[in-house]
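UniProt numbering numbers the first residue of the sequence shown as 1 and each following residue consecutively. In this text, a Cβ means the ideal position worked out from N, Cα and C, and glycines have one as well. Note that the structure is a prediction, hence the values are computed from the model and not measured. For reference, the structure is listed below as structure tokens.
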Amino acid sequence: MASESASSCYNAPETKYSKKATEQMDVYSFGVVLLELVRGRQAEQALQSESLDIVKWVRRKVNITNGAVQVLHPKITSSAQQEMLIALEITLHCTSVMPEKRPSMSEVVKSLQSLDSMTHTAVVDFSAFEEHSVV
């Protein structure tokens with residue numbers, strides 16, 4: 001069974017301040033689950049060398065050269081890499097620190113459904129996802 005602190009990685013930052021559930025909180029949690037799929041490991045698995053939660057760790061990683069590729073599951077084939085990078089981009093939108101910047105769940109679904117057609121024309125720019133942490 002996961003401890004309260006381990007499972008908190010699925011909770012949106014504003015959960016600490018608001019007890020009312022919102023769609024934005026659900027989108028954040030879904031983004032963490034999608035991140036688990038992209039990475040190929042559970043979000044609550046401790047990052048031995050880092051004291052950051054999984055979302056902050058990924059945000060730091062994608063802001064270094066080839067960092068986004070390093071976040072992906074190591075067995076991702078090169079032919080699927082672009083699709084997984086776009087899925088990673090979706091996770092970053094879903095896990096925005098600011099709830100108003102998160103997409104609606106229907107927008108997330110549309111993005112995932114159009115993922116295949118997007119891969120042929122999309123260029124992923126992760127520089128837009130550097131966010132300041134909330135204290």
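| said: Rounded to whole angstroms, what is the Cα-Cα separation between Thr-91 and Gln-42? | reply: The residue you call residue 91 lines up with position 91 of the sequence shown. The residue you call residue 42 lines up with position 42 of the sequence shown. So the alpha carbons of these two residues sit roughly 14 Å apart.
| field | Nonlocal neighbours in the same chain, by C-beta distance under 8 Å from Pro-99, ignoring five residues either side | value | Translated into positions along the sequence shown, residue 99 becomes position 99. Ala-12, Glu-14, Thr-22, Gln-24, Met-25, Tyr-28, listed in sequence order.
| query | What separation, rounded to the nearest whole angstrom, lies between the Cα atoms of Met-84 and His-93? | reply | Position 84 of the sequence shown, counted from the start, is the residue given in the question as residue 84. Position 93 of the sequence shown, counted from the start, is the residue given in the question as residue 93. Each residue's alpha carbon lies about 14 Å from the other.
| said: Just to confirm before moving on: does the CB-CB distance between Val-32 and Ile-54 stay below 9 Å? | reply: Here the question's residue 32 lines up with position 32 in the sequence shown. Here the question's residue 54 lines up with position 54 in the sequence shown. Yes, Cβ-Cβ distance for Val-32 and Ile-54 is below 9 Å.
| task | Could you tell me the distance, in whole angstroms, from the CA atom of Pro-103 to the CA atom of Ser-114? | result | Taking the first residue of the sequence shown as position 1, residue 103 is located at position 103. Taking the first residue of the sequence shown as position 1, residue 114 is located at position 114. Between Pro-103 and Ser-114, the alpha-carbon positions lie close to 15 Å from each other.
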